[in-house]
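K.L.:
Right, I'll just put the structure down here and ask away after.
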């Protein structure tokens, strides 16, 4: 897949991992059919293609375009005009395939049981592999020409100007690009390379069956991944414990199979890294965005040096919940369980607009357009994809999938996904296709900045102490799950690959031990790390997208810094931030963030985020003591 599709898929994984409770909160029989959802509450995918026939027309164009671009192989050094023609044709292929894939997949997500759109999605994925193979010669051919000749072509042909950063980045990675034949072979292997991930998805999300448990009302209820979050947050400890034990006992039954799928993914990524002459799999994964491995290690080290506030938070939970022992199944229980703030969608929409007011008039106008022009698919229906995500389509406005359930959390999700959408809108509207696609490193910044600003607004406008405690708890949980927990994921992944690259066998026992030890270290002496949790690594889809999860930590930390600057400095910080959104992929992410006012090569943003966590923790402790 091309980079833009890879980014979309990665964002989907992040959005759907632990946010699917809403999709199963009501029995399927009680959910409306897709046709029963009012048109104004559904996204308008007709803005991409008015009909399936129009989609088919673009789909049919892709194969001939792939054949046409293949004719340029071996010709790129003939003239500047030929080089531009080829790159321009590749952009057309990328733009068209992006639209085709997005439309098919989003139509499928409206009702995952719809076999027609299942088929369209599958057909598109196969065709994208063909497109990737057809274009695989381009970068090797460019790199094969003398540097002086490429420089002369760029000087001669002004139409090559939008590709300036592309050429710079390509030349930087010259030693890792293989021959055209080797690149084509690796591209053709991409579909096979996804097999471990696909097996994991089918096993964990389709084939595995979970036992029944007793819910809060004492009713026998089928346990599922979607319902698990509701159960693990229950005020009834017996419900939490039973859900926890039975979920992980089910995963433990398949721990050897999951060890094989994860091991297969690790070996695949090590193979690709080795084939391209990288020192390690982590270096290969970070190289594309020019992020030094030292940034990754510094992030993990900084979090490790600042675990004391997390240990203090765990101790507070133990005290407030009045527990003799704090177990892992107690961790997600809200400290203020009866302060949930209910609202309808119109109230949530207004709240989001108010919370994002500090971003200025220009941002507000685009936000209003998004909320009034059917960018958002609002309500749950039978068969609809769980969770939430944003999907940007170049040449068309972005879209947001939501499953609104009348909770404050849904308003926060809306703000989050609109952050992604406006980032895509600004990038797509400002940048040429060649530089529109921002990286995952940048992706979570805009979404989390929105969440941070909305929370700040709520904290300033809420007078009810119980609601304020609830908001503080929500903030602390967001830092715990995004900074501390994702840093733990990042450390696990780094250490796993390091051991595999030394020749160690990846077994279930090894993975269990690694996961157990990390949880002991991160959650501290007040936490009992239950043996059932040892198998948790087996349910984490992040690990099938190598070395991207650390970017949730960097993104969250950068967003906290940017939000503080916007609130404290006003217009200068706001202008820097909007320029960041407009920059797309026109420079390396670290450099774009530096221009916005945050240096992620430094440990300071992560350290400051944890300090803010500690400050908010102190505020909560004081309110609880009153």
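Numbering (the numbering used here), first residue to last: 2 to 627.
Don't be surprised by glycine CBs; every beta carbon is placed ideally from N, CA and C.
Note that the structure is predicted; figures quoted are calculated from it, not measured.
Considering only the beta carbon of each residue, do residue 305 and residue 547 sit closer than 8 Å?
P.N.:
On the chain shown, position 304 is the one that residue 305 refers to. On the chain shown, position 546 is the one that residue 547 refers to. Result no, Cβ atoms of residue 305 and residue 547 do not sit closer than 8 Å.
K.L.:
Give me the residue from 489, 47, 336 with the minimum Cα distance to residue 521.
P.N.:
Within the chain shown, the letter at position 520 stands for residue 521. The option with the nearest alpha carbon to residue 521 is 489.
K.L.:
Checking 8 Å against the spacing of the C-beta atoms, do residue 213 and residue 204 come in under that value?
P.N.:
The count along the chain shown starts at 1 and reaches residue 213 at position 212. The count along the chain shown starts at 1 and reaches residue 204 at position 203. No, they are not a contact pair.
K.L.:
Taking all protein chains shown into account, do 16 or more other C-beta atoms lie within 10 angstroms of the C-beta of residue 626, making it buried, or fewer, making it exposed?
P.N.:
On the chain shown, position 625 is the one that residue 626 refers to. So residue 626 counts as exposed.
K.L.:
Would you call the CB atoms of residue 613 and residue 561 closer than 8 Å?
P.N.:
The residue labelled residue 613 in the question sits at position 612 within the chain shown. The residue labelled residue 561 in the question sits at position 560 within the chain shown. Going by C-beta atoms, residue 613 is nearer than 8 Å to residue 561.
K.L.:
Helix, strand or coil for residue 76, going by three-state DSSP, please let me know.
P.N.:
Residue 76 sits at position 75 when you count from the first residue of the chain shown. Residue 76 falls in the coil class under three-state DSSP.
K.L.:
What span of residues does the alpha helix (DSSP H) with residue 516 cover, start to end?
P.N.:
As a first step, residue 516 must be located in the chain shown, where it is residue number 515. Element bounds for residue 516: 509-524.
K.L.:
Taking 8 Å as the threshold (C-beta atoms), are residue 610 and residue 484 in contact?
P.N.:
Walking along the chain shown from the start, residue 484 turns up at place 483. Walking along the chain shown from the start, residue 610 turns up at place 609. Contact flag set, yes.
K.L.:
Between residue 434 and residue 92, how many whole angstroms is the CB-CB distance? I'm expecting something under 8 Å.
P.N.:
Walking along the chain shown from the start, residue 434 turns up at place 433. Walking along the chain shown from the start, residue 92 turns up at place 91. About 5 Å separates the two Cβ atoms, so the contact holds.
K.L.:
Hey, could you find the ends of the beta strand (DSSP E) residue 551 is sitting in?
P.N.:
The residue given as residue 551 occupies position 550 in the chain shown. Here residue 551 belongs to no beta strand (DSSP E); instead the alpha helix (DSSP H) covers 551-570.
K.L.:
What is the DSSP secondary structure of residue 395, reduced to helix, strand or coil?
P.N.:
For the purposes of this step, residue 395 is identified with residue 394 of the chain shown, where counting begins at 1. Coil.
K.L.:
For the stretch 400-407 against the stretch 132-148, do three or more pairs of beta-carbon atoms, one drawn from each stretch, fall closer than 8 Å, so that the two count as touching?
P.N.:
At 8 Å Cβ cutoff, the stretches do not touch.
K.L.:
Taking residue 199 as the reference, which of 527, 266, 559 has the closest Cα?
P.N.:
What you label residue 199 is simply residue 198 of the chain shown in a count that begins at 1. Per the Cα distances, 266.
K.L.:
Which residue wins for smallest C-alpha separation from residue 49, given the options 410, 375, 529?
P.N.:
By one-based count along the chain shown, residue 49 stands at place 48. Nearest C-alpha to residue 49: 375.
K.L.:
Could you give the DSSP three-state label for residue 400: helix, strand or coil?
P.N.:
Reading the chain shown from its first residue, position 399 is the one you call residue 400. It is a strand residue.
K.L.:
Please state the DSSP three-state secondary structure of residue 325.
P.N.:
Within the chain shown, numbered from 1, the residue matching residue 325 stands at position 324. It is coil, neither helix nor strand.
K.L.:
What's the C-alpha gap between residue 201 and residue 282?
P.N.:
In the chain shown, residue 201 corresponds to position 200, counting from 1. In the chain shown, residue 282 corresponds to position 281, counting from 1. Going by the C-alpha atoms only, they are around 21 Å apart.
K.L.:
Keeping to the same chain, check which residues put their C-beta closer than 6 Å to that of residue 155; ignore five residues upstream and five downstream.
P.N.:
By one-based count along the chain shown, residue 155 stands at place 154. Cβ within range, chain order: 161.
K.L.:
Considering only the beta carbon of each residue, do residue 449 and residue 585 sit closer than 8 Å?
P.N.:
Stepping through the chain shown from its first residue, residue 449 is reached at position 448. Stepping through the chain shown from its first residue, residue 585 is reached at position 584. Not closer than 8 Å, so no.
K.L.:
Quick one: what's got a C-beta closer than 6 Å to residue 192's C-beta in the same chain, skipping five residues either side?
P.N.:
Within the chain shown, residue 192 is the residue found at index 191, counting from 1. Once the five neighbours on either side are set aside, the close Cβ partners of residue 192 are 130.
K.L.:
Identify every residue that forms a DSSP beta bridge with residue 344.
P.N.:
Taking the chain shown and counting its residues from 1, one reaches residue 344 at position 343. DSSP, once it has assigned bridges, lists no residue as partnering residue 344.
K.L.:
Have a look at the DSSP bridge pairing and note the partners of residue 408.
P.N.:
The residue given as residue 408 occupies position 407 in the chain shown. Bridge partners of residue 408: 343.
K.L.:
Select from 237, 442, 453, 86 the residue whose C-alpha is nearest the C-alpha of residue 357.
P.N.:
Along the chain shown, one-based indexing puts residue 357 at 356. Looking at the Cα atoms, 453 is the closest of the given residues.
K.L.:
Taking 7 Å as the limit between beta carbons, can you name the residues of its chain near residue 76, skipping five residues before and five after?
P.N.:
On the chain shown, residue 76 is found 75 positions in, with the first residue counted as 1. Contacts found: 83.
K.L.:
Return the first residue and the last residue of the alpha helix (DSSP H) that residue 609 is part of.
P.N.:
Within the chain shown, numbered from 1, the residue matching residue 609 stands at position 608. Taken as a continuous stretch (DSSP letters only), the alpha helix (DSSP H) holding residue 609 covers 605-626.
K.L.:
Who pairs with residue 222 in a beta bridge, going by DSSP?
P.N.:
Translated into positions along the chain shown, residue 222 becomes position 221. Partner(s): 214.
K.L.:
Give me the Cα-Cα distance between residue 260 and residue 406, rounded to the nearest whole angstrom.
P.N.:
If you number the chain shown from 1, residue 260 lands on position 259. If you number the chain shown from 1, residue 406 lands on position 405. One C-alpha to the other measures close to 36 Å.
K.L.:
Figure out for me which residue from 387, 65, 183 has the closest Cα to the Cα of residue 1.
P.N.:
The first residue shown for the chain is 2 and the last is 627, placing residue 1 beyond what the model contains.
K.L.:
Opposite residue 528 in the DSSP bridges: which residues?
P.N.:
In the chain shown, the residue the question calls residue 528 occupies position 527. Bridge partners of residue 528: 327.
K.L.:
State yes or no: is the C-beta of residue 442 within less than 8 Å of the C-beta of residue 590?
P.N.:
Within the chain shown, residue 442 is the residue found at index 441, counting from 1. Within the chain shown, residue 590 is the residue found at index 589, counting from 1. In this structure, residue 590 lies closer than 8 Å to residue 442 by Cβ.
K.L.:
Does DSSP put residue 390 in a helix, in a strand, or in coil?
P.N.:
The count along the chain shown starts at 1 and reaches residue 390 at position 389. Strand, per DSSP.
K.L.:
Are there 16 or more other CB atoms within 10 angstroms of the CB of residue 221, so buried, or fewer, so exposed?
P.N.:
Counting from 1 along the chain shown, the entry for residue 221 is found at position 220. It counts as exposed.
K.L.:
Apart from the five residues on each side of it in sequence, which residues of its chain come closer than 8 Å, Cβ to Cβ, to residue 279?
P.N.:
Locating residue 279 in the chain shown gives position 278, where the first residue counts as 1. Cβ neighbours of residue 279 beyond the five flanking positions: 177, 285, 288.
K.L.:
By Cβ distance below 8 Å, which residues in the same chain neighbour residue 100 in space, the five residues on each side in sequence not counted?
P.N.:
Within the chain shown, numbered from 1, the residue matching residue 100 stands at position 99. If we look at residue 100 and ignore the five residues flanking it on each side, its Cβ neighbours are 49, 50, 59, 394, 395, 396, 397.
K.L.:
Rounded to a whole number of angstroms, what is the C-alpha to C-alpha distance between residue 487 and residue 554?
P.N.:
Translated into the one-based positions of the chain shown, residue 487 becomes position 486. Translated into the one-based positions of the chain shown, residue 554 becomes position 553. Spanning the two alpha carbons is a distance of roughly 7 Å.
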